[in-house]
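Numbering (UniProt numbering), first residue to last: 1 to 267.
Listed below in structure tokens is the structure:
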């Protein structure tokens, strides 16, 4: 992986990590177009640049995060079921990493977004701020977030859908989803470094890692701010449609043999 590839993948990560569109699916597509080998370094690179996106959340929400401990307790409660389910089922769920699973989950997630928005078109959501999110809501969102271990689901998509179903309005559901990414992705990054500590001592690896990390951070800051403004005025139906179109595109690419639907993309 050269520095230009790292820059491009950093942009893709920053653009898609917090949108409910499956960042992994976009990374697979970008990686294939760029002709980058899917190897252990690529997998670690992907997780490291996700940390750049998480830093963007801390940057944007630092005032809310340091208002008090209440939000941190809610995030801990939300992460607990995700972490527990991941610990128990991850080795089984990663076997699902097949291209056609990605296709199904992209399309299914898109349909769910559209159905939820149409069914709740005139609904008044009672939970309209992070302060009003209950511990029970946080816990249930964490359970639903664990669905993101199925490839193509989208972590932010799963947690936002969970929030909407549990009575959070669009902006609050998105904000809680962003914040819940902090413990989720930090622990995933720590695990990646634990698996391959030599990455941090490899000068050649540090350059593309740094480029991807910084790029993802900068792009994610702008995306988070744009996304929150967008959903304050509009609904999630455009993202549902986009997911369906992307799923159909992936199906064509897999079916035609342009992309392999095999297990080489396993994370």
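No residue lacks a Cβ here, since even glycine has one placed at the ideal position from N, Cα and C.
Supposed contact pair residue j and residue i - C-beta distance, whole angstroms, cut 8 angstroms
i, j, result
"residue 176", "residue 77", "No, residue 176 and residue 77 are not in contact; Cβ-Cβ is about 11 angstroms, not under 8 angstroms."
"residue 107", "residue 244", "5 angstroms"
"residue 158", "residue 18", "Not quite, the Cβ-Cβ distance comes to about 13 angstroms (not below 8 angstroms), so this is no contact."
"residue 80", "residue 212", "With a Cβ gap of about 30 angstroms, residue 80 and residue 212 do not count as contacting."
"residue 104", "residue 224", "Not really, about 28 angstroms apart at Cβ, beyond 8 angstroms."
"residue 117", "residue 227", "Not really, about 16 angstroms apart at Cβ, beyond 8 angstroms."
"residue 14", "residue 53", "6 angstroms"
"residue 242", "residue 102", "That belief does not hold up - the Cβ atoms of residue 242 and residue 102 are roughly 15 angstroms apart, past 8 angstroms."
"residue 1", "residue 36", "6 angstroms"
Boundaries of the alpha helix (DSSP H) in which residue i is found, first to last residue
i, result
"residue 26", "23-34"
"residue 5", "3-16"
"residue 159", "155-165"
"residue 113", "99-119"
"residue 135", "135-145"
"residue 238", "237-255"
8 angstroms Cβ cutoff met for residue i and residue j
i, j, result
"residue 127", "residue 98", "no"
"residue 240", "residue 113", "yes"
"residue 136", "residue 172", "no"
"residue 156", "residue 109", "no"
"residue 75", "residue 246", "no"
"residue 57", "residue 181", "yes"
"residue 145", "residue 82", "yes"
"residue 254", "residue 100", "yes"
"residue 167", "residue 141", "no"
"residue 189", "residue 4", "no"
"residue 209", "residue 47", "no"
"residue 16", "residue 23", "yes"
"residue 73", "residue 205", "no"
Any non-hydrogen atom of the ligand GDP within 7 angstroms of residue i CB
i, result
"residue 45", "Within the structure as shown, the ligand GDP is missing, as the structure has no ligands at all."
State whether the stretch 84-93 contacts the stretch 149-166, with contact taken as three or more CB pairs (one from each stretch) at a distance under 8 angstroms.
In short, these stretches touch, since the Cβ pair count reaches three.
At 4 residues or longer, what runs of the alpha helix (DSSP H) sit wholly inside the stretch 37-69?
Segments of the alpha helix (DSSP H) lying fully in the stretch 37-69: 40-65.
Stretch pair the stretch 26-39 + the stretch 3-15: three plus CB contacts closer than 8 angstroms
Because the criterion of three Cβ pairs below 8 angstroms is met, the stretch 26-39 and the stretch 3-15 touch.
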